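Residues in the sequence shown are numbered from 62 upward in steps of one, following the working numbering. C-beta: ideal position from N, C-alpha, C; glycine also. Treat the numbers as computed from the prediction; the structure is a model and nothing was measured.
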Amino acid sequence: MVEERFNPTRMELLKSRARAKLAKKGHSLLKQKRDALVLEFFRILKKASDLRGQLNAHMKKAYSSIAIAQSYHGVFEVEAASMSSERAPKVKINVRNVMGVKIPSVEVSGNGNGESEKNLLASNAKIDEAADNFKEALQMVVKLAETENSIRKLIREIEKTKRRVNSLEYIVIPSLAAKAKLISFRLDEMERDAFFMLKMTKKKLARKGS
Numbered sequence: 062m063v064e065e066r067f068n069p070t071r072m073e074l075l076k077s078r079a080r081a082k083l084a085k086k087g088h089s090l091l092k093q094k095r096d097a098l099v100l101e102f103f104r105i106l107k108k109a110s111d112l113r114g115q116l117n118a119h120m121k122k123a124y125s126s127i128a129i130a131q132s133y134h135g136v137f138e139v140e141a142a143s144m145s146s147e148r149a150p151k152v153k154i155n156v157r158n159v160m161g162v163k164i165p166s167v168e169v170s171g172n173g174n175g176e177s178e179k180n181l182l183a184s185n186a187k188i189d190e191a192a193d194n195f196k197e198a199l200q201m202v203v204k205l206a207e208t209e210n211s212i213r214k215l216i217r218e219i220e221k222t223k224r225r226v227n228s229l230e231y232i233v234i235p236s237l238a239a240k241a242k243l244i245s246f247r248l249d250e251m252e253r254d255a256f257f258m259l260k261m262t263k264k265k266l267a268r269k270g271s
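As structure tokens, then:
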């Protein structure tokens, strides 16, 4: 139902048709964006599922390797090795754009435990192996957190895009089409009335002339 007040003119009809055309183009572009976001969502969802499986397996491996290191060298020495460095890993955050959605990409570099600390502690293969396994697990934790954050962002953007698509499809475009149809109907009606009045005027003039 078109409730908007307007003048039934040719110019208004052209404007309504132009707006409807623009709305349809916007609707098409938003549908393409929505579909691309959905594809990206499922791609990242699979990536997250794979990462969870890899992380679970790697955490088991890491805890197993630290248990072996503790059995070889004792809990105290392993804990001393783990606290030997205060340097934290370096974290670099990049942002990539997916159909207007800014998704952070996190890179962790550095291991927080330099060669100098290793040499000072005369670290051995078992402790080094456990440390390396936990460093790799940390990388996976960061990647999984990044992936799950991307999923949340994509869900929000997909929902927002769907609302805009539905608004255009079920409200804006039908409203503009109905308005154009009503203007066209009223213009035709006005033309018929004008033609009838002209015909009647000619008849009256013809009678007066006879």
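Practice task
Classify V156 as buried or exposed, calling it buried when 16 or more other Cβ atoms lie within 10 Å of its own Cβ.
Solution key: Reading the sequence shown from its first residue, position 95 is the one you call residue 156. V156 should be labelled exposed.
Problem - For P165, three-class secondary structure by DSSP - result: What you label residue 165 is simply residue 104 of the sequence shown in a count that begins at 1. In the structure shown, P165 sits in a strand (DSSP, three-state: E or B).
Problem - Own chain, CB closer than 8 Å to T262, minus 5 neighbours either side, in chain order - result: Taking the first residue of the sequence shown as position 1, residue 262 is located at position 201. Contacts found: none.
Problem - Buried versus exposed call for V139 [16 or more other C-beta atoms within 10 Å across all chains shown] - result: Residue numbering aside, residue 139 sits at position 78 when the sequence shown is read from its first letter. Buried.
Problem - Expected contact under 8 Å - CB spacing of K153 and S170 to nearest Å - result: Here residue 153 corresponds to residue number 92 of the sequence shown, with the count starting at 1. Here residue 170 corresponds to residue number 109 of the sequence shown, with the count starting at 1. The Cβ separation is near 7 Å, so the contact holds.
Exercise for the section: Could you check which residue in V167, A192, N68 and H134 has the C-alpha nearest to that of Y124? Expected result: Walking along the sequence shown from the start, residue 124 turns up at place 63. Comparing Cα-Cα distances from Y124 to each of V167, A192, N68 and H134, the minimum goes to A192.
Practice task
Please state whether DSSP places N155 in a helix, a strand or coil.
Solution key: For this step, residue 155 is matched to residue 94 along the sequence shown. Reduced to three states, the DSSP call for N155 is strand.
Problem - Chain-order list of residues whose beta-carbon lies under 7 Å from that of L237 (same chain, five-residue window excluded) - result: As a position in the sequence shown, residue 237 is number 176, starting the count at 1. Excluding positions up to five away in sequence, the list reads S77, R80, A81 and A84.
Problem - Limits of the unbroken alpha helix (DSSP H) element including E230 - result: Within the sequence shown, numbered from 1, the residue matching residue 230 stands at position 169. Where E230 is concerned, there is no enclosing alpha helix (DSSP H), given that its DSSP letter is neither H nor E.
Exercise for the section: Whole angstroms is fine: what's the gap from L116's alpha carbon to F103's? Expected result: Indexing the sequence shown from 1 puts residue 116 at position 55. Indexing the sequence shown from 1 puts residue 103 at position 42. Taking the straight line joining both Cα atoms gives about 20 Å.
Practice task
Return helix, strand or coil for D189, following the three-state DSSP convention.
Solution key: Along the sequence shown, one-based indexing puts residue 189 at 128. Residue state, collapsed to three classes: helix.
Handout entry: C-alpha gap between P165 and L112, whole angstroms
Key = Working through the sequence shown from its first residue, we reach residue 165 at position 104. Working through the sequence shown from its first residue, we reach residue 112 at position 51. Each residue's Cα considered, the two are about 17 Å apart.
Exercise for the section: Enumerate in chain order the residues of its own chain whose CB-to-CB distance from V159 is below 6 Å, with the five nearest sequence positions on each side excluded. Expected result: Within the sequence shown, numbered from 1, the residue matching residue 159 stands at position 98. Counting only Cβ-Cβ distances below 6 Å, and skipping sequence neighbours, we find E101.
Practice task
Can you say whether I232 is buried or exposed, counting buried as having 16 or more other CB atoms within 10 angstroms of its CB?
Solution key: The residue labelled residue 232 in the question sits at position 171 within the sequence shown. Classification for I232: exposed.
Problem - N185 and H134 closer than 9 Å at C-beta - result: Taking the sequence shown and counting its residues from 1, the one referred to as residue 185 is at position 124. Taking the sequence shown and counting its residues from 1, the one referred to as residue 134 is at position 73. It is a contact, given that the beta carbons lie within the stated cut-off.
Practice task
Taking only the alpha-carbon atoms, compute the straight-line gap between G87 and A198 and give it to the nearest angstrom.
Solution key: Working through the sequence shown from its first residue, we reach residue 87 at position 26. Working through the sequence shown from its first residue, we reach residue 198 at position 137. The alpha-carbon atoms of G87 and A198 are separated by roughly 45 Å.
Problem - Beta-carbon proximity of S126 to N227, cut-off 9 Å - result: Walking along the sequence shown from the start, residue 126 turns up at place 65. Walking along the sequence shown from the start, residue 227 turns up at place 166. By the CB criterion at 9 Å, S126 and N227 fall outside the cutoff.
Exercise for the section: Grab the span of the alpha helix (DSSP H) containing M120 for me, first residue to last. Expected result: Here the question's residue 120 lines up with position 59 in the sequence shown. Start and end: R71 to S143.
Practice task
Using 10 angstroms around the beta-carbon of S211, count the other beta-carbons present and answer buried if the total reaches 16, otherwise exposed.
Solution key: Within the sequence shown, residue 211 is the residue found at index 150, counting from 1. Counting Cβ neighbours within 10 Å, S211 comes out buried, since at least 16 surround it.
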